[in-house]
Every structure is written in structure tokens, then in C-alpha cells.
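Asks:
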DNA sequence: CTGTCCTATCTTTTT
DNA sequence: GATAGGACAG
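Residue numbers (the working numbering): 43 to 716.
Written out as C-alpha cells, the structure is:
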């Protein structure tokens, strides 16, 4: 018997020691899921299974990192740990696509576009199709297309739909993809889709099957179409697949995740071992009781019940405040008080919320009292204008056909290439079937373009091309530095921001990129510009603030990013109709996913849990009365009053603003001016 | 072509 | 209440 079974309960042992054949682990919140996974991997290695034949896939970088660290701690065989493949689906796919780019039908130097680039690309697609943004908003269109990709529906299939709106989206989908392709870019969804495509190749498929004999998928309930396909294809033959998940924590339905996958596991893989982990070691009985009371209101779920093994504990607190300002005040007060207790540290505390607009006031309060905090997600380092600019330059050097990046920086800093030149150039490019860069380079052939602008653009493009030779690892840092000075970015910052402090923060951000390049070059022996950009796009964990005050900080994050974590003391804030459950979900009648979200929030707490709601809250800058969330009633085991449901439904109805009036005043205003 | 001011829109959630 | 993109003057 392996030493990795010691200290586990019988169900956990069964999961760890079942190595061959399909295994489904239904792991409730806090039941030692990660422990089981890491012990299982260590156990496999100890039993002579070659580490390089094990593939473990997670959904977040954080989970992947944690898994790696914990396995490394368990097993003393350093070499084996290095041979393991542990990563997110996305990073696994990128690596494979880069390696087998030809078979996958992608360029070797393909770039990865983030949400912002996607939006720009979609806007372009809609403009090409002459679909006005009033017919369909680019954002909406993009999310629809993304969902289609996540369900493995092609543009072609969708365009054939009889429904007019659907066929419009289908065409946008097609043009959007075409645009990305022309620029040599893949979006996040494409990474998975092309991987599926790669596995359609018989040779490739047998290659991957041979290499990865043992699969492990974390958070199986979050698997979307392409991810499911990838797992299916690789595991189909040897059937050594272990899926770990919890249908009650499925919170990515909007991203194409399909809970039925976890319910149909046995159908998909044949006779399986199914293990249920229901003993919760994380939270007190009080907290688990509340969590169970909430989640039992969902109808489509495996019937199961968590049992706490952590003692009774204190009651869950529910607090009502006047408004969001009071709420922030109260929560931060409470955290400050408790943090004085002996043995308590700031990292024990978390403030969890539904949407990204909520953390602001909490940040304010925390800063006012000089309590260190860490805001996960939200406006990150990579969203800063100067960072995006520099990264666009770099992407352009790595992949000269990346037109999204070219358009972003061609006139930043201003070099006399304005909208009219760009629009004309785009028209010429479409007409002549050329890339935008080629149009500028052969500018003399196109008299419609301004000669001075063309000259400037050409010089710019060629100067970047001149840098494309020095992209290997050791040269990375000097490349980034050289680029920044070549485009005179410092002058641009000084020019744009009069305030000296603003200048220095922005300049610091640029230096941070140089820093990151240095770290990247040091960490990987196969480092290059491409690997650097890839790392930033896929593993974009913004840990730039992990240096100053150790790590002892209060955590602020959304419920989505809180999954998989635990804290001694949790404040779940804004527990109101319209926020949790979110208005949009109420509209769509998709309450169950919101309930799971609440469940995830509740089960993050080990000892203390406080839910708060307000009497009124400002939305869109307008103050309105709020209704306590139905989940609060459920938590107390009470019937949700009909009034709450009714009022909530009413609240969701968007107050139709008097559009007519607005139009009239607008006309009047412009008339006056004229 | 560039800079400024105004306005329309937004608020789910993430790799 | 913020912010990005459009309209307009310089």
C-alpha cells in the first residue's frame, strides 16, 4: 500500500487508488478535492507510471500552479514532477498548436488576441458587412459568437439558419474569423477549436493518445464543447480518465459549459468507478447547513448532502445596511476589528461580490485605513493603455501581419497618420487583397493616399521589421528596451500627462514590462519574443503587487474567481435581487446558476460568514430601493415571499427612458448650434 | 491631422 | 459615475 493513502478517508482512498479505467469523483465543496488529485498523481508516480504519460488539465492558472506545487511537495522525485503535464486547457492547446502548427493549419507565429482585440475585430467585421451597431451591438455579437464556438457550431452552420438575426450573426462570425485569420491571430476559443481540429488528424491523434495515457480533468462540470471533445478523443482508447467536479459548483454555463457532461460521464466512457466525497473539512456545521439549505432549491442536480467535520461554529450573520457606502464601512470595520484578535491575520479575510463594479467602495475604505488588500481580476496591469501599446508593438514585431496591433499603434505616438489615411488604406487593402502593411510599403502605387502619411507609415513599419531579427531569449530584454526608445514612448508619456506623478506611474508600468521580459528570459531556456507574448496572454496572472508587504492582505474578488479558495472569514456583499441573483439571469430565467454562485460564495468560509445587503443602491449613477435576495430567505430555511419574486421581476424590466424626448432635445441642441 | 469636449453606454461572470 | 468614441473647432 502506498504511503499516499495515509490520512485519507475511505472514499478519498478509493479515488486515489483507482488508477486505471474511468473514474468520476463527485467532490463537494471543501471535501479535499485537491488533496485527492495531488495524492493520486503522487501515488501513480510511486507505482511506476511514467510521469510524462500523465496529463492533468485545469481551468485556471491558479489551480494548475497549486497542483504542481503540491505534487512537488508530496513526491520527492524532482525529475518526475518536471515530466508531468499540468496546465490549463488553453496553455496545453497553445503548446500543441505551436509545435504542430502545420497539421493544425495555423501559422507558426500566431498571436493570441484578448477580449479587447476581439471587440475591435468584431467591430471591424460588422463594419465590413455594413451592419449598423444599432442592429446588433458588437459586444453582444461577440459573446454570441463565442458561445457558438464553445458549442462547436461553425459559422457556416449558423449562417444557414432561417432566422434573420441568426444568419446575421452567422455572417458576422464568418467575417470576424476571416479578419483574425488574415492577421494571424487566434482568440481564446480558437485555441481549443484548432486543437480539436488537430486531433482529427489520425497521425496526431495516435501521437497524443500514445503520449498521454492517463488523463485527469479538474472542475469537470465547467467543461465546454471543445474541451470535452479534446478529452474524449485523447482518452477514448485507453479510457484512463479521471474527472473531478461538482455539479453544484457549475458557474460557467454562460461560457458554454454543460453540466450534463458530468451527469453523462458513465455513458461517455463506459463502466466507471464513481466516488462521492461528501465530508467537508473546511467549514463549520452552521455554514454547511446554510449552504445545503440554499442549494437544495436547485432541481437539476445530483442529490447529495455535505456533512461538516469541523464542529458547530457560530451562526451565519446577515446584515442590512442603508446603502453601499454604509456597507463598505461596516464590512471594513468588522474586518479591522477582527484582525486585531490574536492569531488573526489579514489573509484570513475575503470580501466576495458578484460584479466588478462593486469593489470600488471597499477599496476606498481599506485604503483610508491603510489596510493592505489584493484585488483579484478587474482592471489589471495589462489593461493599462501604455502596457497595451507596448505589447501591440511587440506583437507586431513577432507577427507583422497582426493588423489589430498595427491599427492600434500606427499613430501612437502621433506620426501624422490620421483616420482618413487609415480608412483609405483599409479600402485599398480590401480592394487589392493586400495586407495593410503592404499597402503602406507600396504606397507610391496608390495615389489616393497622402504621400507624407505613407512615408511616415512606411518608415514606422520598416523600423519595426528591423527589430524582428533580435527576438531570441537572450536578446529579449534589449529588444523591449530598444523598442521603447525607438518609438520614443517616454516623450509620448511626458507629452500626454502634464502631472509628474502620472508620468512616473506610467513609466513604471513600462519598466515593469522590461522586468517581466527579464524574468521570462531567465525562467525558460527556450524563451523568445513569441513565448513571452504567449506567457502574457495565457498566464496573465498579475502578481506585480506581490512584493511589498509580504502577502498578508485582505482579498477582494468576484464569486467566480473565488471558486476553489477558502478563507477563515468571508463577507459576501450585495446579496440583493438584481445583483445576486443578477438582473440578467433573472431575465433569462436562469436562477439556478446564480444559486450555485451563492453556494460557491457561502462554502468559501471556514469559520465566519457574513452576508450583507442594502436598502438602496446606486445603479447607473441613479439611486434605487433594493430588495433582499431570495437566497437570504432560503439560507434561513424560510419560504421566499411571493412579493420578493414579483418585485424582483418588475425591477428587472428596464425602465424605458423617454427616447423620443431625448432625440428632440438633441436636435434642438444641434439646431441651436447651427 | 490633432486635441478637446460631449454623449451614449454601460454592469455579469473568465481563459 | 466612468469611460470610450463621436462631433467639432483649431
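Idealized CB from N, CA, C, for every residue including glycine.
Bear in mind the structure is a predicted one, so any value in this text is a computation, not a measurement.
Please report the straight-line C-alpha distance between residue 253 and residue 137, rounded to a whole angstrom.
Replies: Taking the first residue of the first chain as position 1, residue 253 is located at position 211. Taking the first residue of the first chain as position 1, residue 137 is located at position 95. C-alpha separation (whole angstroms): 14 Å.
Asks: Among residues of its own chain, excluding the 5 on either side of residue 362, which ones have a beta-carbon nearer than 8 Å to its beta-carbon?
Replies: In the first chain, the residue the question calls residue 362 occupies position 320. Closer than 8 Å at the Cβ level, and outside the excluded window around residue 362, lie 654, 655, 656, 657 and 670.
Asks: Please classify residue 595 as buried or exposed, where buried requires at least 16 other C-beta atoms within 10 Å of its C-beta.
Replies: Working through the first chain from its first residue, we reach residue 595 at position 553. Buried is the call here.
Asks: Specify the secondary structure class of residue 39 as computed by DSSP and reduced to three states.
Replies: Nothing in the structure corresponds to residue 39, since the chain is present only between 43 and 716.
Asks: Is the segment 69-77 close to the segment 87-103, with three or more CB pairs under 8 Å?
Replies: At 8 Å Cβ cutoff, the stretches do not touch.
Asks: Assuming residue 373 contacts residue 677 under a Cβ cut-off of 8 Å, what Cβ separation, rounded to an integer in Å, is found between them?
Replies: Along the first chain, read from residue 1 onward, the residue named residue 373 stands at position 331. Along the first chain, read from residue 1 onward, the residue named residue 677 stands at position 635. Not quite, the Cβ-Cβ distance comes to about 18 Å (not below 8 Å), so this is no contact.
Asks: Nearest-angstrom Cα distance between residue 112 and residue 102?
Replies: Here residue 112 refers to the residue found at position 70 of the first chain. Here residue 102 refers to the residue found at position 60 of the first chain. Spanning the two alpha carbons is a distance of roughly 16 Å.
Asks: Is residue 74 helix, strand or coil by DSSP?
Replies: Here residue 74 refers to the residue found at position 32 of the first chain. Residue 74: coil per DSSP, three-state reduction.
Asks: How many angstroms separate the CA atom of residue 305 from the CA atom of residue 64?
Replies: The residue labelled residue 305 in the question sits at position 263 within the first chain. The residue labelled residue 64 in the question sits at position 22 within the first chain. In a straight line, the C-alpha of residue 305 is about 14 Å away from that of residue 64.
Asks: Tell me the DSSP bridge mates of residue 395?
Replies: Residue 395 sits at position 353 when you count from the first residue of the first chain. Paired residues: 600.
Asks: Is it right to say residue 207 is buried, meaning 16 or more other beta carbons lie within 10 angstroms of its own, or is it exposed?
Replies: As a working note, residue 207 is residue 165 in the first chain. Answer is exposed; the Cβ neighbour count stays below 16.
Asks: For residue 266, count neighbouring C-beta atoms within 10 Å of its own C-beta (all shown protein chains included) and say buried if the count is 16 or more, exposed if not.
Replies: Numbered from 1 along the first chain, position 224 holds the residue referred to as residue 266. Residue 266 should be labelled buried.
Asks: How long is the line joining the alpha carbons of residue 83 and residue 606, rounded to whole angstroms?
Replies: The residue you call residue 83 lines up with position 41 of the first chain. The residue you call residue 606 lines up with position 564 of the first chain. About 19 Å.
Asks: For residue 570 and residue 256, I'd like the C-alpha separation in whole angstroms.
Replies: Numbered from its first residue, the first chain carries residue 570 at position 528. Numbered from its first residue, the first chain carries residue 256 at position 214. Answer to the nearest angstrom: the Cα atoms are 31 Å apart.
Asks: From 190, 131, 485 and 424, pick the residue whose C-alpha is nearest to that of residue 297; which is it?
Replies: The residue you call residue 297 lines up with position 255 of the first chain. Looking at the Cα atoms, 190 is the closest of the given residues.
Asks: Expressed to the nearest angstrom, what Euclidean distance is found between the alpha-carbon atoms of residue 58 and residue 227?
Replies: The residue you call residue 58 lines up with position 16 of the first chain. The residue you call residue 227 lines up with position 185 of the first chain. Cα-Cα distance, rounded: 41 Å.
Asks: Just to confirm the assignment: which complete beta strand (DSSP E) runs, minimum length 3, are found wholly within the segment 220-280?
Replies: If we require 3 residues or more, the beta strand (DSSP E) runs fully inside the segment 220-280 come out as 256-259.
Asks: What would DSSP say about residue 588, mapped onto helix, strand or coil?
Replies: As a first step, residue 588 must be located in the first chain, where it is residue number 546. Note that residue 588 scores 47 on pLDDT, short of 50, meaning its location in the model is unreliable; the coordinates nonetheless yield the value given after this. Coil, per DSSP.
Asks: Is the beta carbon of residue 200 less than 9 Å from the beta carbon of residue 163?
Replies: Working through the first chain from its first residue, we reach residue 200 at position 158. Working through the first chain from its first residue, we reach residue 163 at position 121. Result no, Cβ atoms of residue 200 and residue 163 do not sit closer than 9 Å.
Asks: Starting from residue 664, trace the beta strand (DSSP E) both ways and give me its first and last residue.
Replies: As a working note, residue 664 is residue 622 in the first chain. Taken as a continuous stretch (DSSP letters only), the beta strand (DSSP E) holding residue 664 covers 664-667.
Asks: Find the nearest neighbour of residue 510 within the set 114, 572 and 486, judged by alpha-carbon distance.
Replies: By 1-based counting over the first chain, the position of residue 510 is 468. It is 572 whose Cα lies nearest to the Cα of residue 510.
Asks: In whole angstroms, what is the alpha-carbon distance linking residue 318 and residue 579?
Replies: The residue given as residue 318 occupies position 276 in the first chain. The residue given as residue 579 occupies position 537 in the first chain. So the two alpha carbons sit approximately 36 Å from each other.
Asks: Please name the residue, chosen from 638, 691 and 689, that lies closest to residue 340 on a Cα-to-Cα basis.
Replies: Indexing the first chain from 1 puts residue 340 at position 298. For the residues 638, 691 and 689, the minimum Cα distance to residue 340 belongs to 638.
Asks: What is the rounded straight-line gap between the Cα of residue 436 and the Cα of residue 544?
Replies: Against the first chain, residue 436 aligns to sequence position 394. Against the first chain, residue 544 aligns to sequence position 502. Each residue's Cα considered, the two are about 24 Å apart.
Asks: Assess contact between the segment 117-135 and the segment 395-414, defined as three or more Cβ pairs (one per stretch) separated by less than 8 Å. Is contact present?
Replies: Result no; under three Cβ-Cβ pairs closer than 8 Å.
Asks: For residue 649, which residues from the same chain have a beta carbon less than 7 Å from its beta carbon, with the 5 sequence-adjacent residues on both sides left out?
Replies: Counting from 1 along the first chain, the entry for residue 649 is found at position 607. Counting only Cβ-Cβ distances below 7 Å, and skipping sequence neighbours, we find 326, 355, 610 and 611.
Asks: By the 10 Å Cβ neighbour count, where 16 or more other Cβ atoms means buried, how is residue 591 classified, buried or exposed?
Replies: If you number the first chain from 1, residue 591 lands on position 549. In this prediction, residue 591 has a pLDDT of 49, which is less than 50 and means its spatial position is unreliable; what the coordinates show is noted afterwards. Exposed, because fewer than 16 other Cβ atoms sit within 10 Å of the Cβ of residue 591.
Asks: So if DSSP puts residue 614 in a beta bridge, which residue, or which two residues, is it bridged to?
Replies: Locating residue 614 in the first chain gives position 572, where the first residue counts as 1. Looking at the DSSP assignment, residue 614 forms a beta bridge with 394 and 653.
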